[in-house]
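What follows is a single structure, written as structure tokens, with notes after it.
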Amino acid sequence: MDPTAPNTATGAAAAQAPAGRLPDEWCTRNFDHLSPELAATLPETLDRMRTLCPVTHSDRHEGFWVLTKYDDVLRVAQDWQSFTSTQGLNIPPSTTHVRNIPVEVDPPEQRAYKKLINTHFTPAAIASWAEPTRELVTRLIDGFIDRGECEFMDDFARPFPSLSFFTFALDAPVEDLEKVAYLASKSSIPNDPQGKECWAGLSEWITGFVESRRRRPPRGDVVDALFTAEIGERPLTEREIIGIVQLLILGGLETTAGALGLMMARFCREPEIPAYLRAHPERIPAAVEELLRLDAPFIAIARTATTDVQLRDQQISAGDKVLMYWASANHDDDEFTNPDTFDLERATNRHLAFGAGPHRCLGSNVARLNMRIALEELLRRMVDFRLRDDAEIHYHTTLTRAPLNLPITFTAAA
Numbered sequence: 001m002d003p004t005a006p007n008t009a010t011g012a013a014a015a016q017a018p019a020g021r022l023p024d025e026w027c028t029r030n031f032d033h034l035s036p037e038l039a040a041t042l043p044e045t046l047d048r049m050r051t052l053c054p055v056t057h058s059d060r061h062e063g064f065w066v067l068t069k070y071d072d073v074l075r076v077a078q079d080w081q082s083f084t085s086t087q088g089l090n091i092p093p094s095t096t097h098v099r100n101i102p103v104e105v106d107p108p109e110q111r112a113y114k115k116l117i118n119t120h121f122t123p124a125a126i127a128s129w130a131e132p133t134r135e136l137v138t139r140l141i142d143g144f145i146d147r148g149e150c151e152f153m154d155d156f157a158r159p160f161p162s163l164s165f166f167t168f169a170l171d172a173p174v175e176d177l178e179k180v181a182y183l184a185s186k187s188s189i190p191n192d193p194q195g196k197e198c199w200a201g202l203s204e205w206i207t208g209f210v211e212s213r214r215r216r217p218p219r220g221d222v223v224d225a226l227f228t229a230e231i232g233e234r235p236l237t238e239r240e241i242i243g244i245v246q247l248l249i250l251g252g253l254e255t256t257a258g259a260l261g262l263m264m265a266r267f268c269r270e271p272e273i274p275a276y277l278r279a280h281p282e283r284i285p286a287a288v289e290e291l292l293r294l295d296a297p298f299i300a301i302a303r304t305a306t307t308d309v310q311l312r313d314q315q316i317s318a319g320d321k322v323l324m325y326w327a328s329a330n331h332d333d334d335e336f337t338n339p340d341t342f343d344l345e346r347a348t349n350r351h352l353a354f355g356a357g358p359h360r361c362l363g364s365n366v367a368r369l370n371m372r373i374a375l376e377e378l379l380r381r382m383v384d385f386r387l388r389d390d391a392e393i394h395y396h397t398t399l400t401r402a403p404l405n406l407p408i409t410f411t412a413a414a
């Protein structure tokens with residue numbers, strides 16, 4: 001083991017949990033993933049539930065099961081025949097009328113869609129993005145570095161992956177980004193009063209964007225590929241194309257922003273981590289994986305049981321909704337020794353930050369590239385990250401977790 005590598009036991013639960021905690025009955029019978037109380041206590045609550053009720057039924061939202069242990073989450077994620085994605089990924093179901101393809105499609109059909117998209121997001125396919133990505137990161141940092149402070153989510157974490165994805169993956173008009181990011185964020189929150197309207201607005205924008213791309217010269221990217229692709233010896237329908245682009249937008253804009261925000265919050269709490277990585281920049285790729293394990297931005301997803309299944313001592317019936325927590329699985333001490341500790345010397349790190357099974361995240365290579373370059377440049381140019389003294393951090397209350405705000409101070413590196 002590298003004796004200079006940080007091995008900090010100050011985990012997310014200790015750093016983020018308030019003095020109080022949610023009652024046992026709330027965890028065992030009334031668990032509500034949309035609750036603001038859960039957003040404030042998520043790490044602590046999931047830690048308790050892994051011991052108190054690893055497979056439990058909630059009476060909220062017409063009833064659903066909650067899974068918090070690594071083995072159970074992995075089993076359900078891999079067993080698409082017993083736990084389908086075709087009935088929606090949210091609880092309660094979202095108001096969209098367009099399927100997110102391919103995550104709301106099961107094999108074997110799903111494999112054809114995924115193969116089509118994956119071709120354009122392999123490490124080799126995105127290798128040419130590295131230099132312009134670094135230029136984008138540099139430009140964003142230039143915009144605030146002289147101030148010695150910034151609102152990290154607004155100034156960096158949100159605009160960086162959004163600009164990157166719009167520019168390199170979609171070749172979409174950057175002037176539309178703010179509008180699309182708002183529609184995507186609101187439409188993906190279950191029960192949001194503006195959800196239905198935002199889904200419609202997002203679908204309308206995607207339809208216009210697809211039409212505009214058809215009229216332009218091809219550039220050989222994933223959008224062009226959709227126009228000529230065939231599934232089962234037939235061309236993709238317009239609805240399928242919209243569903244694929246919709247998923248790319250939902251995945252490309254929000255989750256990396258959340259990962260960057262959670263990473264910076266941890267750097268402010270545990271300054272030994274950025275100090276170590278500045279001294280050992282070659283460890284940054286490994287640090288990306290460990291930071292994603294510790295603070296997964298995509299925290300949970302739903303499935304629907306297609307048959308009766310027993311998990312531990314609980315009987316899940318066909319038709320039951322199941323919510324599996326990636327973020328909890330990543331802190332399960334049956335899988336990870338000292339799970340709340342940042343440790344680059346783990347023998348294995350089979351984290352589930354990108355999911356698992358056939359629906360594992362399509363954009364994981366893009367996320368890793370963005371995270372690596374962002375860390376390299378932020379650590380090279382800035383030291384002494386601190387939360388502003390009056391900062392009160394709030395989080396999303398949905399299936400993704402990102403700081404809504406993150407005011408920090410820092411010192412520009414010499």
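Using UniProt numbering, read the sequence shown as starting at 1 and increasing by one per residue.
Quick reminder that beta carbons are idealized off the backbone N, C-alpha and C, glycines included.
For residue 126, the secondary structure class from DSSP, reduced to helix, strand or coil, is coil.
Taking C-beta separations shorter than 7 Å and ignoring five residues to either side along the sequence, the partners of residue 384 in its chain run 410, 411, following chain order. Residue 83 carries a strand assignment under DSSP once its states are collapsed to helix, strand and coil.
In this structure, residue 296 sits away from residue 322, with a CB-CB distance that is not shorter than 8 Å. Listed in chain order, the non-local C-beta contacts of residue 247 below 7 Å within the same chain comprise 100, 101, 103, local neighbours out to five positions each way being set aside. When secondary structure is reduced to three states using DSSP, residue 328 falls in the helix class. Counted as a single uninterrupted DSSP element, the alpha helix (DSSP H) harbouring residue 206 occupies residues 195-215. Contact holds between the segment 220-227 and the segment 244-262, because three or more Cβ pairs, one in each stretch, are under 8 Å apart. Bounds of the beta strand (DSSP E) holding residue 300 are 300-305.
At the C-beta level, residue 353 and residue 324 stay beyond 8 Å of one another.
Residue state for residue 57 is assigned as strand, using DSSP reduced to three classes.
Rounded to the nearest whole angstrom, the C-alpha separation of residue 258 and residue 217 is 34 Å. Contact between the segment 202-215 and the segment 268-276 is absent, with fewer than three C-beta pairs closer than 8 Å. Taken through DSSP and simplified to helix, strand or coil, residue 235 comes out as strand. Bounds of the beta strand (DSSP E) holding residue 409 are 407-412. Assigned with DSSP and collapsed to three states, residue 321 falls in strand.
According to DSSP, residue 67 shares a beta bridge with 55, 324.
Residue environment for residue 193: exposed (fewer than 16 other C-beta atoms within 10 angstroms of its C-beta). Taking a cut-off of 8 Å for Cβ pairs, the segment 34-41 and the segment 287-295 do not touch, as fewer than three such pairs fall below it.
Its Cα nearest to that of residue 59, the residue 29 stands out among 285, 74, 221, 29. By the Cβ rule, the segment 357-369 does not count as touching the segment 305-324, because fewer than three pairs are nearer than 8 Å. The Cβ atoms of residue 106 and residue 86 sit closer than 8 Å to each other. Residue 152 holds the alpha-carbon nearest to the alpha-carbon of residue 388 among 359, 152, 395.
Residue 371 and residue 177 have their alpha carbons spaced roughly 20 Å apart.
Looking at the DSSP output, residue 383 sits in a beta bridge with 411. In this structure, residue 31 lies away from residue 51, with their beta-carbon atoms at least 8 Å apart.
8 Å or more divides the Cβ of residue 129 from the Cβ of residue 344. In the three-state DSSP reduction, residue 91 falls in the coil class, being neither helix nor strand. With contacts defined as CB atoms closer than 8 Å, residue 413 and residue 386 fail to qualify as a contacting pair. Beta-bridge partners assigned by DSSP to residue 403: 395. Here DSSP, grouped into helix, strand and coil, assigns residue 262 to helix.
The criterion of a C-beta distance shorter than 8 Å is satisfied by residue 67 and residue 76.
Counting along the chain, no beta strand (DSSP E) covers residue 145, and no H or E run does either.
Inter-residue distance for residue 134 and residue 314 is about 49 Å (C-alpha atoms, whole angstroms). Taking a C-beta distance under 8 Å as the contact criterion, residue 402 and residue 160 do not qualify as a contact pair. Assignment of residue 117 by DSSP, reduced to helix, strand and coil, places it in the helix class.
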